[in-house]
Structures are given as structure tokens and as C-alpha cells.
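Asks: Going by my numbering, the sequence shown opens with residue 631, and the numbers climb by one from there. Just so you know, even glycine gets a beta-carbon here, dropped at the ideal spot from N, CA and C.
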Amino acid sequence: MLFPLRAALVIGGLTYLAILKDRPDDAPAQPAASLRAAAQQVSPLQALPVQSLTAAWDAMAPEVRERIAREGADVFARHLVSQPAVSGDTLDEADRRPAWRGVVAR
Numbered sequence: 631m632l633f634p635l636r637a638a639l640v641i642g643g644l645t646y647l648a649i650l651k652d653r654p655d656d657a658p659a660q661p662a663a664s665l666r667a668a669a670q671q672v673s674p675l676q677a678l679p680v681q682s683l684t685a686a687w688d689a690m691a692p693e694v695r696e697r698i699a700r701e702g703a704d705v706f707a708r709h710l711v712s713q714p715a716v717s718g719d720t721l722d723e724a725d726r727r728p729a730w731r732g733v734v735a736r
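Structure follows, in C-alpha cells:
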């Protein structure tokens, strides 16, 4: 179910970007001054979590920061690597060889 949703999202996004590429005049233009003004309108309450997280990170010992980064990278790597499917096969090698059918050699 997730694959069709991803495919629809990617196809829709690429289609939308292709339409914008063909008609660049329709895209809203924002001058750099208005972007700076929008960045300055961020309230101090919105910036508070970032500042407190930064302060908490800086207050940690370097060994603790390194351990947290290493463990986070390990968890991330485990999610990226696909696990091989566990086999439910219980047959022995002898079970896989078919029984001899025919004339016994003399």
C-alpha cells in the first residue's frame, strides 16, 4: 500500500514541477528583501526550542555527544539495511533428493 502512495507522490510532484518549468512567469517572485523580512518575523517563542536544544547539546560532555551520535547513526543504518527474510524451510538435504525410481543397477 505504501508503494502506490510513494509513486503517486513522486509522479505528482514531478508533474507539478514540469508544469512550473514550462511557465516560469506564473511562479511567484519574492525579492530577497521580502525573504529577509519574513525570516525576521519569526517569534521568539518559535526560536526557543532550537535555542534550548542547542544549549542542552553544548552542555553535554564530548563523550556523551559522541555516544549519542554513534547510537543514532547505528539505529539509522539498521533501518536502511534490509534484513534478509527468515526462511521457514525445515527440509534436510536428503529430503530434497527425489527417491530413485527405476531399475536397480546389477
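#1: Threshold first: 4 residues or longer. Then list the alpha helix (DSSP H) segments lying entirely within the segment 684-714, N to C.
#2: Please go through the same chain and pick out, in chain order, the residues whose beta-carbon is closer than 8 Å to the beta-carbon of Ile-698, but skip the five residues on each side of it.
#3: What number of angstroms, rounded off, separates the C-alpha of Gly-600 from the C-alpha of Val-716?
#4: Return helix, strand or coil for Val-640, following the three-state DSSP convention.
#5: Assuming Asp-725 is part of the alpha helix (DSSP H), what are its boundary residues?
Replies: On the basis of the coordinates in this document:
#1: 692-710
#2: The residue labelled residue 698 in the question sits at position 68 within the sequence shown. These residues qualify, in order along the chain: Met-690.
#3: Since the first residue shown for the chain is 631 and the last is 736, residue 600 is missing from the structure and cannot be characterised.
#4: As a position in the sequence shown, residue 640 is number 10, starting the count at 1. Of the three classes helix, strand and coil, the one that applies to Val-640 here is helix, per DSSP.
#5: Working through the sequence shown from its first residue, we reach residue 725 at position 95. Segment 723-726, the alpha helix (DSSP H) holding Asp-725.
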